[in-house]
Amino acid sequence: MKTFLHGLLLWSAVALALLVLADCVLRFDTREEVLEYLKKEFPGQKITLQPKYKTRRGWTEDWRVWTFTLSGYPKDTFRVASHIKSYPVPMLKTERHIITDFDKVVVLRCEQEFEQGPLRTFDAPTRRLWSRFPRGGFSLRAARWEVETVDDIWRAKRLIDAFEAWLAKEGVDRRAYYYLRMYMQGHCYALGGGGMAMNIMDGLEESKPGSKSPHYLEYGLYGQADRRKVCQKFYNSVMEYHQLMADGGNGVTDANLQAWNEEQLQLSRRWPEMTEAERDSLRGLFVGGDGDVRNVFLDTGQKPFLLAVWADSDMRPASRGIYITYPQLRELCLRSGLRVQGGGDHFTVRGVDGNRYEFSTAFYREKPETVGFLEDTCFYRRNGRAVILPGFWTRHDCVNDGLVRRITGLNLRQMVVHGTRNEVLSRV
């Protein structure tokens with residue numbers, strides 16, 4: 005008991021000392037200092053700073069807030085704050101800065117004006133994407149928009165472009181923040197179970213329980229980011245996701261998927277002749293790549309083409325070859341006229357060699373206490389007996405072209421329609 009009381013008194017003394025020290029170290033900015041800040045922040049504006057202020061203190065941060073007006077913005081009343089916060093030690097307040105809510109006030113007013121005017125000129129599918137900025141907090145927070153289809157990505161861009169142009173008239177030089185989220189439709193198959201789905205591709209996140217879908221993609225549009233490029237990356241990710249899962253959803257159809265395939269192939273054919281500067285400007289937009297591991301397209305005799313991974317890395321010589329996912333293998337078997345039973349996560353098929361093959365995302369064993377997946381075990385069953393898949397490339401691209409040929413009779417190497425086809429065929 006004595007030890008407990010001694011510790012309690014000690015911590016109380018430390019906390020009191022920190023509070024006293026914090027008060028000695030930092031004070032609020034004065035009204036004169038705040039006014040000087042506003043003059044630098046808003047040159048050419050007549051500023052009226054009210055003498056009264058409100059003070060709020062807490063364990064980790066303190067606020068002193070004034071209101072002010074600007075001659076160029078007669079519709080608006082703004083706030084400016086002297087803000088003191090503790091970092092990195094709680095209660096030891098060592099950081100102080102001045103901030104205003106100028107962006108928030110102007111953006112929220114323009115939002116209402118935009119809704120009464122330009123927004124009404126857009127069609128219904130575009131208008132339904134509109135989502136307001138949050139009202140809470142001192143500063144402007146990001147707007148979060150939900151897009152459902154690949155066409156919605158471009159609708160959202162056009163809408164954001166129009167709103168940003170509307171904001172530019174008001175002198176808001178710092179662009180607002182937007183996040184576009186798409187809940188993925190269809191099934192997501194991942195080796196080892198659904199928790200491993202995030203390994204399938206960059207940007208794929210696990211949704212909260214009760215959401216529309218277990219997984220989603222989200223991209224941010226903010227700062228000086230090129231919105232066209234960000235939206236193209238988003239579009240590419242959705243297309244690539246549904247290629248890997250070999251299904252539709254989110255507005256992806258055979259027609260627009262094949263159109264995207266052709267666009268990527270055009271970039272692939274131009275890639276060798278591009279300058280390094282041109283390539284740098286397209287990185288992230290071109291899914292093919294130019295390294296020893298890249299994506300290629302396969303012409304199986306039916307459209308859309310199939311996206312596959314060509315691997316030729318000296319770091320993993322046992323994994324050279326062309327790799328596809330389980331759902332893609334299932335799709336290839338169907339295209340080949342083979343009888344398939346089951347879905348993309350667990351199916352059986354009678355191969356052209358007469359053997360019965362069984363594939364399942366559950367046929368995967370992680371090696372404990374290891375980083376990555378290179379020492380994990382992936383297997384399938386042939387005629388009921390487990391067969392190890394050696395050298396699988398990733399946790400989703402795990403079926404190599406040799407196994408595909410035994411099951412379907414198809415030679416994936418002869419199906420490559422990539423712009424660097426000759427190079428691929430000569431090296432794998």
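In terms of the working numbering, the sequence shown opens at residue 5 and continues consecutively. All C-beta atoms, glycine included, are put in the ideal place defined by N, C-alpha and C.
Other residues of its chain near residue i: CB distance less than 8 Å, five sequence neighbours each side excluded
i	result
Arg409	Asn415, Leu416
Trp170	Cys114, Glu117, Phe118, Pro122
Euclidean distance between Cα positions of residue i and residue j
i	j	result
Gln189	Thr125	30 Å
Gln418	Ala312	13 Å
Tyr239	Glu282	21 Å
Val432	Arg324	Note that Val432 scores a pLDDT of 42, beneath 50, so its modelled location is shaky; the value from the coordinates is reported in the next line. Those two C-alpha atoms are separated by around 6 Å.
Cys402	Glu335	15 Å
Phe290	Ser272	8 Å
Thr153	Met186	8 Å
Ser90	Arg139	25 Å
Gly62	Asp107	25 Å
Tyr77	Leu53	14 Å
Gly346	Leu338	12 Å
Tyr181	Trp149	11 Å
Asp165	Ser285	21 Å
Gln247	Leu302	12 Å
Asp156	Thr352	37 Å
Gly295	Glu280	14 Å
Neighbourhood of residue i by C-beta distance below 7 Å, restricted to the same chain and skipping five residues each side
i	result
Arg159	Pro129, Thr130, Leu133
Tyr41	Ile102
Phe46	Leu74
Phe383	Phe367, Ala390, Val391, Ile392, Leu393
Distance between beta carbons of residue j and residue i, contact taken as under 8 Å
i	j	result
Leu112	Phe82	12 Å between Cβ atoms; not a contact.
Arg179	Gly224	Rounded, the Cβ-Cβ distance is 11 Å, inconsistent with contact.
Trp70	Val84	5 Å
Ser241	Leu269	Actually they are not in contact, since the Cβ atoms of Ser241 and Leu269 sit about 18 Å apart, beyond 8 Å.
Thr329	His350	So it is not a contact: roughly 13 Å between Cβ atoms.
Which listed residue (the options) has its alpha carbon closest to that of residue i
i	options	result
Pro308	Arg343, Gly252, Tyr226	Gly252
Leu30	Trp149, Arg139, His101	His101
Arg385	His400, Glu45, Gly395, Phe367	Phe367
Thr304	Leu333, Val297, Glu280	Leu333
Val151	Asp284, Glu362, Asn254	Asn254
Leu310	Tyr182, Lys371, Met243, Arg354	Met243
Asp316	Thr329, Val300, Gln306, Pro331	Val300
Ser340	Gly413, Phe32, Tyr245	Gly413
Phe142	His191, His87, Leu184, Gly175	His87
Trp275	Ala263, Gly292, Asn265	Gly292
Asp105	Phe72, Gln120, Lys43	Phe72
Thr64	Lys43, Glu99, Asp80, Glu36	Glu99
Ala259	Tyr245, Arg287, Gln306	Gln306
Residue span of the alpha helix (DSSP H) that contains residue i, given as start and end
i	result
Ala85	Segment 82-90 is the beta strand (DSSP E) holding Ala85; no alpha helix (DSSP H) there.
Ile204	Taken as a continuous stretch (DSSP letters only), Ile204 belongs to no alpha helix (DSSP H), as it is neither H nor E.
His246	231-249
Val176	Where Val176 is concerned, there is no enclosing alpha helix (DSSP H), given that its DSSP letter is neither H nor E.
Phe106	106-120
Sequence-distant residues of the same chain with beta carbon closer than 6 Å to residue i, five excluded per side
i	result
Ile326	Ala312, Trp314, Asp405, Leu416
Cys28	Here Cys28 scores only 48 on pLDDT, less than 50, and its place in the model should not be relied on; the value that follows carries that caveat. Result list for Cys28: empty, nothing under 6 Å.
Arg360	Arg354, Asn387
Val421	Phe301, Asp303
Limits of the beta strand (DSSP E) - the one that residue i falls within
i	result
Arg60	58-61
Gly395	Run containing Gly395: none; DSSP gives neither H nor E here.
Cys382	381-386
Gln268	Note, Gln268: premise wrong, no beta strand (DSSP E); alpha helix (DSSP H) at 258-274.
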